[in-house]
Amino acid sequence: MADLLFYLFAAITLISALAMVLLPNAVNGAMCMIVSFLGTAALFVLLDAYFLAILQVLVYAGAVMVLFLFIIMLLNVDEEAPRAKPAKLSIFAALSGFTILSVLVVSLFNNPSALPEPPVIEVAENPLGPSAANGIPFTTSAKSFGYSLFTKYMLPFQVTGFLLLAAMVGVIVVSKRMTETTVKTEQSD
Amino acid sequence: MGMCAYAVLAERKICSYIQGRVGPNRTRLPLIGDVPILGDFLTGLGLFQPAADGLKFLFKEEITPGHVKLGYYYLAPIIALTPALTTMVVLPFGRYIDDAGVVHPLALANLDVGFLFILAISSLGVYGIVLAGWASNSKYPFLGAIRSSAQMISYELALGVSILPVFMWAAAPGSDYGMSLFGVVQSQETLWLIIWQPLSALIFLVAIFAETNRLPFDMAESETDLVGGFHTEYGAFKFGIFFVAEYAHIIMGSAIFVLLFVGGWHFLPGLPDPWPAGITGAILSALWFLAKVGVMVFFFIWIRWTLPRFRYDQVMTLGWKILLPLAVGNLVFNTLLIALIDVL
């Protein structure tokens, strides 16, 4: 059952992602992107990572894509000019990329022992004690996310927050150029 | 669904009462309506009206305007209704104490991130409105859709931040409830959260009104300047689905407010629950919860028929310049308070 669901959701995710790139209409593309995000969230649920799945829906499908649709509709870009034919160079690039990918995949499936063994990542200690029940050294509950974020990964967490803040300030500076008129209207407000 | 139909009836009755009218009192079912006194009484209450309304929506002629974008035009009502009904899955609506004295929630799925689940799914509901406005391919619905997406994004922030202090208090160290709604309700056994988190409750209530598109904030419809808003081009059953979705959202919003701030199925603040253990107690607690939800639905309707609609820029100012800073301030204050208590 879980296998079947995995193939179903993986197929939905991949097909809608492909459709998003290929469809000429921007709104269709945005809708396919939403479906693709939802498919990814379903895959997270199959991994028992409910928290990640919900964040995926909440942030990407719920908030970011609403903004995308908003912009697409506001600019009314659905009547797009037909696409120009892809240049020869890009066809060549796509073909060579695909060849390298297929060589890699084939060699991987023929000789899996050649792969380096990935080291087990030591996550922060589980606040609820080691969970022998599910056989993994960490839980998927929301609490353990917060616990490791504020202990072991404190520095990356704060650096990320600082980067986001810088990006936010940058957006405000770029989008809100102070001209004569805006300064005047703001003073009169 | 059944509750939605009767919420519509309640809306019509209460609005007519507020406006000094009688409201629906003519519809009569053949058999029950013929019982001497009871039949007249039920007819006067208008209890048969929802059946007539539903049938009317079903049998009306389906008109599809020629200028719409067909696929999305049909998809939009479905997208509007589905999230509203899906969120009911994680709502705990009562509690059951088994023989060992352990308290179990009555819910279809008791997720440990239940509240986030509701936020996530209900944020998908806005696509119904946006797509309806866009697919109708005419000016009024389009304006409604643009307004509603802007409004949803603005108020979702205040909604999410206003609720954080509640969970910070409810998920105290030692409890392993996390962000589950059941844990929040259990933490209110002695004191309702609305009493000692009134600011959170107020911000949450206003934001819920905005998220459900109810009257002081119904920018997406506002029939005085947008005709019918996003569903101007919809008729018959497709409009019926939008209508049901709106009331489903109201019931969901009331239920969440009751769970988070008014103690869910707990009796009254300060008093122990009079419900006995076992099945009877479970049913009684569920009924008490439903009664509270009913009161909240009445409150929603009451507000709708007494307050005028905001102007659009007022809605945006309220969301960004008042509610969001208040919610953030409330969060910081509660964090400091908890830190202080920990130190002492």
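Order-wise, the sequence lines are chains A and B.
Taken in order, the first sequence gives residues 1 to 189; the numbers are from our numbering.
Taken in order, the second sequence gives residues 1001 to 1344; the numbers are from our numbering.
Where is the CB? At the ideal position from N, CA and C, for every residue including glycine.
Since the model is a prediction, treat every value here as computed from it, not as a measurement.
Cross-strand partners of residue i (DSSP beta bridge)
i: I1097 of chain B; result: B:V1103
Under the three-state DSSP convention, the category residue i falls into
i: R1309 of chain B; result: coil
i: L1323 of chain B; result: helix
i: Y60 of chain A; result: helix
i: F98 of chain A; result: helix
i: N28 of chain A; result: helix
i: F1267 of chain B; result: coil
i: M1088 of chain B; result: helix
i: K1069 of chain B; result: coil
i: E1061 of chain B; result: coil
i: A87 of chain A; result: coil
i: Q1197 of chain B; result: coil
i: S1180 of chain B; result: coil
i: E1233 of chain B; result: coil
i: Q1314 of chain B; result: helix
i: G170 of chain A; result: helix
i: W1288 of chain B; result: helix
i: M1152 of chain B; result: helix
i: R1304 of chain B; result: helix
i: R191 of chain A; result: It is not possible to answer for residue 191 of chain A, since the shown part of chain A is limited to 1 through 189.
i: D1218 of chain B; result: coil
i: L4 of chain A; result: helix
i: G1240 of chain B; result: helix
i: D1053 of chain B; result: helix
i: I136 of chain A; result: Any answer about I136 of chain A is weak, because its pLDDT of 47 lies below 50 and its placement is not dependable; what the coordinates show is given next. In this structure, I136 of chain A counts as coil in the three-state DSSP scheme.
i: D1342 of chain B; result: helix
i: W1134 of chain B; result: helix
i: N1330 of chain B; result: helix
i: A10 of chain A; result: helix
i: Y1247 of chain B; result: helix
i: A19 of chain A; result: helix
i: P130 of chain A; result: Residue confidence is low: P130 of chain A scores 48 on pLDDT, short of 50, so the model does not pin down where it sits. Its coordinate-derived value is still stated next. If DSSP states are grouped into helix, strand and coil, P130 of chain A belongs with coil.
i: L1108 of chain B; result: coil
i: A93 of chain A; result: helix
Contact under 8 Å by Cβ, residue i with residue j
i: F1242 of chain B; j: A1080 of chain B; result: yes
i: P1141 of chain B; j: E1062 of chain B; result: no
i: F1057 of chain B; j: F1237 of chain B; result: yes
i: M1252 of chain B; j: A1051 of chain B; result: no
i: F1182 of chain B; j: P1092 of chain B; result: yes
i: Q203 of chain A; j: F44 of chain A; result: Residue 203 of chain A lies beyond the stretch modelled for chain A, which goes from 1 to 189, so this question has no answer here.
i: L1170 of chain B; j: V1184 of chain B; result: The displayed chain sequence assigns Ala, not Leu, to residue 1170 of chain B. Cβ atoms of A1170 of chain B and V1184 of chain B: closer than 8 Å.
i: L1108 of chain B; j: A1282 of chain B; result: no
i: M1088 of chain B; j: V66 of chain A; result: no
i: A1120 of chain B; j: G62 of chain A; result: yes
i: S1180 of chain B; j: G1114 of chain B; result: yes
i: F1261 of chain B; j: I1338 of chain B; result: no
i: F1289 of chain B; j: W1320 of chain B; result: no
i: A94 of chain A; j: L46 of chain A; result: no
i: E1211 of chain B; j: L1159 of chain B; result: yes
i: A1286 of chain B; j: G1054 of chain B; result: no
i: A1207 of chain B; j: L1307 of chain B; result: no
i: W1192 of chain B; j: G1263 of chain B; result: yes
i: G1329 of chain B; j: K1060 of chain B; result: no
i: F1217 of chain B; j: V1126 of chain B; result: no
i: H1067 of chain B; j: S1138 of chain B; result: yes
i: F145 of chain A; j: F51 of chain A; result: yes
i: L1326 of chain B; j: L1199 of chain B; result: yes
i: C32 of chain A; j: A53 of chain A; result: no
Cross-chain neighbours of residue i in chain C, by beta carbon under 7 Å
i: G62 of chain A; result: Looking at the structure shown, chain C is missing, and the protein chains on hand are A and B.
If we count Cβ pairs, one from each stretch, closer than 8 Å, do we get three or more for the segment 1295 to 1307 of chain B versus the segment 1119 to 1132 of chain B?
no
Please list, in chain order, the residues of the segment 1154 to 1168 of chain B that have any C-beta partner in chain A closer than 8 Å.
E1156
Pull out every residue of the segment 40 to 57 of chain A whose Cβ sits closer than 7 Å to any Cβ of chain B, in chain order.
Y50, F51, I54, V57
Is it a yes or a no for the segment 1139 to 1156 of chain B touching the segment 84 to 103 of chain A, going by three-plus beta-carbon pairs under 8 Å?
no
Under 8 Å, with one C-beta from each stretch per pair, do the segment 1070 to 1088 of chain B and the segment 1156 to 1166 of chain B reach the 3-pair mark?
no
Is there contact here, the segment 15 to 32 of chain A with the segment 46 to 63 of chain A, by at least three beta-carbon pairs under 8 Å?
no
Count the C-beta pairs between the segment 1292 to 1301 of chain B and the segment 1253 to 1262 of chain B that are closer than 8 Å, then say yes if the count reaches three, no if not.
yes
Spell out a yes or no on whether the segment 36 to 43 of chain A and the segment 5 to 17 of chain A are touching, meaning 3 or more CB-CB pairs, one atom from each, closer than 8 Å.
yes
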